[in-house]
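Line by line, the protein sequences are chains A, B and C. According to the working numbering, the residues represented by the first sequence are 683 to 973, in order. According to the working numbering, the residues represented by the second sequence are 620 to 912, in order. According to the working numbering, the residues represented by the third sequence are 1219 to 1582, in order. For every residue, glycine included, the Cβ atom is placed at its ideal position computed from N, Cα and C. Here the structure is a predicted model, which is why all the values come from computation and not from measurement.
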Amino acid sequence: MKTENQRAWFFLIPALLVMSINAFIPIMTVINYSFQDIFAGSAIWIGLENYVRVLNDSEFRSALGRQLIFSFLILLIQVPLGIAISLGMPKKGWRATVALVAVGLPLLIPWNVVGIIWRVFTRGDLGLVPVFFNLFGYDYNVANNAVDAYWSVVAMDVWHWTPLIVLLCYSGLNAIPDAFYQAAKIDGASRWSTFRYVTLPRLRSVLTIGILLRFMDSFRIYSEVDMLTGGGPGTTTAFLSDVLVSKARANEFGYGGALSLIYFFIILIISYVFFLVLTNVGTADETPKEA
Amino acid sequence: MEQDAKQVVSNERGGSRQEANSFRIGKYLNVTNIGMTLYFLFLALPLVWMLSMSFKTNQEILSTRSFIPIDATLANYQTIFSQPFWREAFFNSLIYVGLNVVITLIVALPAAYAFSRYKFRGDHHLFFWLLTNRMAPAAVFLLPFFQLYANIGLFDTHLAVALAHTLFSVPLAVWILEGFMSGIPKAIDETAYVDGYSFPGFFFKIFMPLIGPGIGVAAFFSFLFSWVELLIVSTLTSTNAKPIVVTLSRSLGAEGWDWGVIAAAGVLMIIPGAILIYFVRNNLAKGFALGRV
Amino acid sequence: MAKIELIDVAHEYQIGSGDYAVKDINITWNDGVSSALLGPSGCGKTTLLKIISGLLRPSEGTVLLDGEDVTGLSPQERNVAQVFQFPVVYETLSVFDNLAFPLRNRGANKQEVRERVHEIAEMLDLQDLLKKGASSLGAAEKQRISLGRGIVRKDTTAVLFDEPLTVIDPHMKWHLRRKLKELHARLGLTMVYVTHDQHEALTFAEQVTVMDVGEALQTGSPRALHTRPAAPFVGYFIGSPGMNLFDATLQDDGVMVGDLKLSYPSETLQGLGGKKLQVGIRPEFIEVRSDPDDGAIKSTVEAVNLTGSSLILDLAGKGLDFKVRVMEDADVNEGDTLYATFPDERVILYADGRAVKSTLKEAA
């Protein structure tokens, strides 16, 4: 049982301090800029005009649309795949060590290097992927073919990040006492039932952090995509961060500031919804199938 | 009636998850094994390709596509090890990431303890707030961080990067540590006080050893996210603390990429992380469930 | 419900290692008996429970259910139910769905499910909670749900309990124990209850098996275990305080314990040479008087302890230290001299850890 205690704040001070300093100043800066129109060294206060411009900008909207689809696609693939792989991972012995290290490797590669690896891997002249597709008679071209480019980016992200889900679930699975599986067997549960009523509920907490992290990070994806396709062909793989970076590069701090905040709030709201859903599912009083 | 004892080797039956999840066709040929093999192939191919590239000359890379280098060479690695440019960059990375892990743990341990043991107004929301620090796109931080750290004289230092990264590593570390801490019954805290331990005594001698695996896992994830970060690090460093991620991208110059060297650098970048996973593998295997969620 | 028999059961986790978790197990549980496996941690009782339930296949021996060899069958195939040390419930389901789970998995129709779940819920005082989510309940209620799932199927052959009250609050333990007894009486379930708490075992079970280091030392009614412990460990483990045990040396016409001589007929003493001999007697069976008596052991009261409603006296006399239990109103003080007698029928002679049958009068 926890003690109701304001003394807890004392323990939180170091963390709050460190993070507030790092967070507060940038946020203030960004908010400041967002209300101004900055050009040639001077700035005018223009209120919410930047925000309006952003929301009306078609480039922003289409990038946002692409981003939303991308992130949800990512979650749709990586979460089930990650869970499935974690279920198949060896539990003990040298096999487990090898598998764990192997699975963790994609996570440990700097993001631009991930992009580089995949760029080489998919390049017409250097890579294996075109060779592979040529075997099936398909002319794979990541630079010019929008479909190829898009799915290559997806494949790259799946390759890169599924291990995060795998590692989290692997740990989560090992925390489930055998008794639960034994009880399910005694109760005559099928494999699927066991997964649905024992495994999945007990993975809820690690899946929550996994899903939140994946959503947040995929929504901000930049370096890898930049390396692999540069946002192209055209705007096929130009996600939201792409727009932001180009505005920042063009020194459009006002617009960029407003865009940053809108960007942030979109992630915040969707994450919060995920958080509420994931932390409450299966714990509230349920209406039974029959009473 | 007599059982042949030799037959009975694997006795534990009933609901192990391994058994629960395989459809057997032959002894090894089942859905699980096929699926896992395919996945690991998918995982390994790009890495193996990069490894193979690191042992090739640029010439060979651009001309043929061979798995095993025809003209194997160590030149790429030699380049990296001989040029102080690369060597320093590598160590710079190790230093600031190491600093980050240490600072993160120092700051996250008490915070996680607070969330785990105390109930206080706004605790549920504060817990979520921690994560919001990871939600802003990195571009947001570039200019402000540059100004902040330059103003306090920490520009181009390892400390600056380590501190800046805490914004992202602390939330995750707190979530993970809190989960492990919640697995330790409060009775242990109480018993320690009854036995006369002071709070620091209890925390360091009793509590921390108990959450050892949690610390390992939190350190691993802090390392991970800090080691791979690019944008902030490149903003906050110029020469002194320049890490390898930056030198890598800088060497992607207009005059054409030095593929072999890049591949070799990539391979080297993976090694510290691989070593780290190896060391925390038991911590990961021990299993955890996050408490507060 | 079914009759369970274990024949020559032994289990080595590592075949050939010689390290047996349990061995020489021969026990029968009749249909409908409530029984306990009692012993300290590590004695093998949980291993034995797993062998009975089918979660573990013994490396040697046979398990019979109603005469049928089920040694190779899984718990599901044996229709055995198990309640674990900590509550196992399906958190995403309501209490109703939890109880219905085993039935639905076997294809029962809605009507059957509804009737049976209500029946079981009523027996376990869960009717008001049926609609609630299982995860929102306390440990005691969750254990009741676990139990409910175990008995909801009519073809359950036995219900096994692995220290089920471990995580239950002390004041709830009594309620749950009572409920278990009620259920047993009402449904005639064959129950095997594993515990290290003798109080639980002795108040709950009709038949208790005491185990230590992988061996089943004695199986019998609580009373038999109390009055005629077949092994020193049983005597020592049961009762608080446990039996007094003395090392004994063989003589021509009896045994010597300390300075006291106990006579035994030669038939009893035959073949005891070379064996480790011990003599045991329970504190409550020793008679003490304050009037001098030449035939008794003259002893000094070293300590007086009040336990519950009796006094435990630590006495020393004739080279022996022993405990005696007397009524709390006895007027005894430290330093007093008392005369203790060991009634023949209450004294048990043990050779190499097994009680020796004697021709002395047996206790009732």
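Contact check, residue i vs residue j, beta carbons under 8 Å
i: threonine 1374 of chain C; j: glycine 1250 of chain C; result: no
i: leucine 789 of chain A; j: alanine 893 of chain B; result: no
i: proline 1450 of chain C; j: glutamine 1436 of chain C; result: no
i: threonine 856 of chain B; j: valine 865 of chain B; result: yes
i: asparagine 711 of chain B; j: alanine 860 of chain B; result: yes
i: valine 629 of chain A; j: methionine 655 of chain B; result: As displayed, chain A neither begins before 683 nor continues past 973, which places residue 629 of chain A out of reach and without an answer.
i: valine 1313 of chain C; j: leucine 1283 of chain C; result: no
i: leucine 1224 of chain C; j: valine 1301 of chain C; result: no
i: valine 1307 of chain C; j: alanine 861 of chain A; result: no
i: glutamine 1496 of chain C; j: tyrosine 1568 of chain C; result: yes
Coil, strand or helix - residue i by DSSP
i: aspartate 1315 of chain C; result: helix
i: leucine 1518 of chain C; result: Here the sequence assigns threonine to residue 1518 of chain C, which means leucine is not the residue at that position. Of the three classes helix, strand and coil, the one that applies to threonine 1518 of chain C here is strand, per DSSP.
i: histidine 1229 of chain C; result: strand
i: glutamate 1546 of chain C; result: coil
i: lysine 625 of chain B; result: Because the pLDDT of lysine 625 of chain B is 29, which lies under 50, any placement of that residue in the model is unreliable, and the number read from its coordinates should be weighed accordingly. Three-state DSSP puts lysine 625 of chain B in coil, outside helix and strand.
i: serine 641 of chain B; result: Only weak support is given to the placement of serine 641 of chain B: the predicted model assigns it a pLDDT of 45, under 50, and the value that follows is read from those uncertain coordinates. Reduced to three states, the DSSP call for serine 641 of chain B is coil.
i: methionine 1474 of chain C; result: strand
i: glutamate 1433 of chain C; result: strand
i: glutamine 1416 of chain C; result: helix
i: threonine 1445 of chain C; result: helix
i: asparagine 823 of chain A; result: coil
i: leucine 1612 of chain C; result: Coverage of chain C is limited to positions 1219 through 1582, which leaves residue 1612 of chain C absent and any answer about it impossible.
i: isoleucine 726 of chain A; result: strand
i: leucine 1291 of chain C; result: coil
i: lysine 1268 of chain C; result: helix
i: methionine 1409 of chain C; result: strand
i: serine 1481 of chain C; result: strand
i: threonine 917 of chain A; result: coil
Residue i versus residue j - alpha carbon distance
i: tyrosine 733 of chain A; j: serine 716 of chain A; result: 8 Å
i: serine 1271 of chain C; j: proline 859 of chain A; result: 18 Å
i: histidine 1417 of chain C; j: isoleucine 765 of chain A; result: 46 Å
i: valine 1227 of chain C; j: alanine 1239 of chain C; result: 11 Å
i: leucine 882 of chain A; j: tyrosine 897 of chain B; result: 27 Å
i: alanine 1220 of chain C; j: serine 1252 of chain C; result: 12 Å
i: isoleucine 687 of chain B; j: isoleucine 951 of chain A; result: 50 Å
i: asparagine 770 of chain B; j: threonine 776 of chain B; result: 13 Å
i: phenylalanine 721 of chain A; j: aspartate 899 of chain A; result: 32 Å
i: tyrosine 658 of chain B; j: serine 834 of chain A; result: 16 Å
i: glycine 1553 of chain C; j: glutamate 1520 of chain C; result: 6 Å
i: glutamine 626 of chain B; j: leucine 666 of chain B; result: Low confidence applies to glutamine 626 of chain B: its pLDDT is 29, below 50, so where it sits in the model is not reliable enough to give any reading.
i: glycine 1472 of chain C; j: phenylalanine 1560 of chain C; result: 15 Å
i: leucine 1398 of chain C; j: glutamine 749 of chain A; result: 59 Å
i: glycine 633 of chain B; j: methionine 838 of chain A; result: Here glycine 633 of chain B scores only 39 on pLDDT, less than 50, and its place in the model should not be relied on; the value that follows carries that caveat. So the two alpha carbons sit approximately 39 Å from each other.
i: tyrosine 1454 of chain C; j: leucine 1524 of chain C; result: 20 Å
i: leucine 887 of chain B; j: alanine 781 of chain B; result: 21 Å
Within chain A, partners of residue i - CB distance below 8 Å
i: methionine 672 of chain B; result: Val802
i: valine 1306 of chain C; result: Ala861, Phe862, Ala865
i: arginine 1334 of chain C; result: Those do not exist, as arginine 1334 of chain C stays about 13 Å from chain A at its closest Cβ, beyond 8 Å.
i: leucine 794 of chain B; result: The amino acid occupying residue 794 of chain B in the given sequence is tryptophan; leucine does not appear at that position. Result: Ile891.
i: arginine 706 of chain B; result: Here the premise fails: no neighbours, minimum Cβ distance about 17 Å.
Contact list for residue i against chain B, beta-carbon separation under 7 Å
i: asparagine 856 of chain A; result: Ala904, Lys905, Gly906
i: serine 716 of chain A; result: Neighbours of serine 716 of chain A on chain B: none; closest Cβ ~11 Å, over 7 Å.
Beta-carbon neighbours of residue i, restricted to chain A and to distances below 9 Å
i: glutamine 1300 of chain C; result: Ala861, Gln864, Ala865, Ile868
Proximal chain C residues relative to residue i, where beta-carbon distance stays under 9 Å
i: proline 762 of chain A; result: Chain C residues near proline 762 of chain A: none, gap ~18 Å exceeds 9 Å.
Residue i Cβ short of 7 Å to the ligand MG heavy atom set
i: serine 1481 of chain C; result: The ligand MG is not part of the structure shown, which contains no ligands of any sort.
Within chain C, partners of residue i - CB distance below 8 Å
i: serine 875 of chain A; result: Asn1323
Neighbouring residues, chain B, relative to residue i (Cβ below 8 Å)
i: aspartate 807 of chain A; result: Leu681
Partners in chain A for residue i, counting only beta-carbon separations shorter than 7 Å
i: valine 726 of chain B; result: Pro696, Ala697, Val700
i: glutamine 1294 of chain C; result: Lys867, Ile868, Gly870
Tell me, please, whether the region 1290 to 1305 of chain C touches the region 1458 to 1470 of chain C by the rule of three or more beta-carbon pairs shorter than 8 Å.
no
Does the pairing of the region 776 to 795 of chain B with the region 719 to 726 of chain B give three or more beta-carbon distances under 8 Å?
yes
Under 8 Å: do the region 913 to 930 of chain A and the region 772 to 780 of chain A share three or more Cβ pairs, one atom per stretch?
no
Do the region 748 to 768 of chain B and the region 822 to 837 of chain B meet, that is, are 3 or more Cβ pairs less than 8 Å apart?
no
Under 8 Å, with one C-beta from each stretch per pair, do the region 1527 to 1543 of chain C and the region 1498 to 1507 of chain C reach the 3-pair mark?
yes
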